[in-house]
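Participant:
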Amino acid sequence: MIKKIAIAVVVLMLGCCLQAQAAVIVDTGDAGSAPSGNTWSLYHYQWLAAEFSLGQATTITDVYGWIANYTGGTASLAIYADGGETPVSAPALFSANFNVVASELAGGADWHGASGLSWDLDAGTYWASFESRPNDTYNGGMPSPSANPLVNEAYWYGSNWYAYDDLNFGVKILGNAGSGPVVPEPASMILMGIGLAGAAMRRRKRA
Numbered sequence: 150m151i152k153k154i155a156i157a158v159v160v161l162m163l164g165c166c167l168q169a170q171a172a173v174i175v176d177t178g179d180a181g182s183a184p185s186g187n188t189w190s191l192y193h194y195q196w197l198a199a200e201f202s203l204g205q206a207t208t209i210t211d212v213y214g215w216i217a218n219y220t221g222g223t224a225s226l227a228i229y230a231d232g233g234e235t236p237v238s239a240p241a242l243f244s245a246n247f248n249v250v251a252s253e254l255a256g257g258a259d260w261h262g263a264s265g266l267s268w269d270l271d272a273g274t275y276w277a278s279f280e281s282r283p284n285d286t287y288n289g290g291m292p293s294p295s296a297n298p299l300v301n302e303a304y305w306y307g308s309n310w311y312a313y314d315d316l317n318f319g320v321k322i323l324g325n326a327g328s329g330p331v332v333p334e335p336a337s338m339i340l341m342g343i344g345l346a347g348a349a350m351r352r353r354k355r356a
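Just so we're aligned, residue 150 is where the sequence shown starts under our numbering, counting upward by one.
#1: Of the choices 267, 324, 180, 318, whose alpha-carbon is the least far from that of residue 198?
#2: Pull up the CB-CB distance for residue 303 and residue 235, whole angstroms please, since I reckon it's below 8 Å.
#3: Note down the Cα distance separating residue 308 from residue 238, rounded to an integer number of angstroms.
#4: Between which two residues does the beta strand (DSSP E) containing residue 218 stretch?
#5: Using alpha carbons as the reference points, say which of 178, 231, 214, 204 lies closest to residue 310.
#6: What separation, rounded to the nearest whole angstrom, lies between the Cα atoms of residue 260 and residue 205?
#7: Under DSSP, the beta strand (DSSP E) around residue 324 begins and ends at which residues?
#8: So the candidates are 219, 325, 228; which of them puts its Cα closest to the Cα of residue 276?
#9: By the DSSP assignment, the beta strand (DSSP E) with residue 206 in it spans what residues?
#10: Rounded to whole angstroms, what's the CA-CA distance from residue 287 to residue 226? Just pull it up for me.
#11: Considering only DSSP beta bridges, list what residue 228 is partnered with.
#12: May I have the straight-line CA-CA distance separating residue 297 from residue 284, to the nearest angstrom?
#13: Does the beta-carbon of residue 251 have 16 or more other beta-carbons within 10 angstroms, so that it is buried, or is it exposed?
#14: Would you tell me roughly how many angstroms separate the C-alpha atoms of residue 266 and residue 293, rounded to the nearest one?
#15: Express the C-alpha separation of residue 209 and residue 314 in angstroms, rounding to a whole number.
#16: Between the C-alpha atoms of residue 233 and residue 174, what's the straight-line distance to the nearest angstrom?
#17: Provide the residue span of the beta strand (DSSP E) that contains residue 173, from first to last.
#18: Going by CA-CA distance only, name the one from 249, 263, 207, 245 that's closest to residue 217.
#19: Let me confirm a value: residue 179 is counted as buried when at least 16 other C-beta atoms fall within 10 Å, else exposed. Which label applies?
In structure tokens:
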């Protein structure tokens, strides 16, 4: 009976951990498969960025852009510090590569980006940038307008950032807000479960 109690407690604690999910920080909505606006070029000479703000320290876990599939290829995304009307022209705070999967639909678009990230940012203003760096193979674009675009946007062309708030491409960012972990670490939960089971054993012996 005691063993069953210990196992049940541990399983319950692990179940709580597995159910925790990142919250939506930014979601502009998509621009549809056949947008009525423009498709802004995303290739080696032109990158696209949008500004977002965090009210508290946050761990970014997922970053996606609404990107046209075309023939697919590898691309990059990055987080930059705020430089006012544009990102700071300095090394990115964080960056990652991702794959744009080719679609059977010519020019079809979908959410593409990176998940499983652990990018810790303090409260403040930042820029999410979608890029095709020299080592990347993606050459396409980001359709617009998204349903609820971010207010401040910019593009990189050649070697500089330029403010342009009418890009209106789609961005989705997920993360865990707060200075501490959203849920206890699994190892801690297991120890807590064992401790509770031990307490139950002691009470049973005394009885």
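From the three backbone atoms N, C-alpha and C, an ideal C-beta is built for every residue, glycine too.
Facilitator: Straight from the coordinates:
#1: The count along the sequence shown starts at 1 and reaches residue 198 at position 49. It is 318 whose Cα lies nearest to the Cα of residue 198.
#2: Looking up residue 303 in the sequence shown gives position 154. Looking up residue 235 in the sequence shown gives position 86. Taking C-beta atoms under 8 Å as the contact rule, residue 303 and residue 235 qualify, at a distance of about 4 Å.
#3: Position 159 of the sequence shown holds residue 308. Position 89 of the sequence shown holds residue 238. C-alpha separation (whole angstroms): 9 Å.
#4: To locate residue 218, count along the sequence shown from 1; it is residue 69. First-last for residue 218: undefined, no H or E at that position.
#5: Locating residue 310 in the sequence shown gives position 161, counting from the first residue. The candidate whose alpha carbon is nearest that of residue 310 is 231.
#6: What you label residue 260 is simply residue 111 of the sequence shown in a count that begins at 1. What you label residue 205 is simply residue 56 of the sequence shown in a count that begins at 1. Between residue 260 and residue 205, the C-alpha separation is close to 26 Å.
#7: As a first step, residue 324 is located in the sequence shown; it is residue number 175 there, counting from the start. The continuous beta strand (DSSP E) containing residue 324 extends over residues 320-326.
#8: Start at 1 with the first residue of the sequence shown, and residue 276 comes out as number 127. Measuring from the Cα of residue 276, the nearest candidate turns out to be 228.
#9: As a working mapping, residue 206 is identified with position 57 in the sequence shown. For residue 206, no beta strand (DSSP E) encloses it, and the DSSP letter there is neither H nor E.
#10: Counted from its first residue, the sequence shown places residue 287 at position 138. Counted from its first residue, the sequence shown places residue 226 at position 77. Straight-line Cα distance between these residues: approximately 12 Å.
#11: Looking up residue 228 in the sequence shown gives position 79. Looking at the DSSP assignment, residue 228 forms a beta bridge with 243, 277.
#12: Residue 297 sits at position 148 when you count from the first residue of the sequence shown. Residue 284 sits at position 135 when you count from the first residue of the sequence shown. For residue 297 and residue 284, the distance between alpha carbons rounds to 32 Å.
#13: As a working mapping, residue 251 is identified with position 102 in the sequence shown. Its Cβ having fewer than 16 others within 10 Å, residue 251 is exposed.
#14: To locate residue 266, count along the sequence shown from 1; it is residue 117. To locate residue 293, count along the sequence shown from 1; it is residue 144. Straight-line Cα distance between these residues: approximately 26 Å.
#15: As a working mapping, residue 314 is identified with position 165 in the sequence shown. As a working mapping, residue 209 is identified with position 60 in the sequence shown. Roughly 24 Å between the two C-alpha positions.
#16: The residue given as residue 233 occupies position 84 in the sequence shown. The residue given as residue 174 occupies position 25 in the sequence shown. One C-alpha to the other measures close to 21 Å.
#17: Taking the first residue of the sequence shown as position 1, residue 173 is located at position 24. Element bounds for residue 173: 172-176.
#18: Stepping through the sequence shown from its first residue, residue 217 is reached at position 68. Just measuring C-alpha positions, the residue of 249, 263, 207, 245 sitting nearest residue 217 is 249.
#19: In the sequence shown, the residue the question calls residue 179 occupies position 30. Residue 179 comes out buried.
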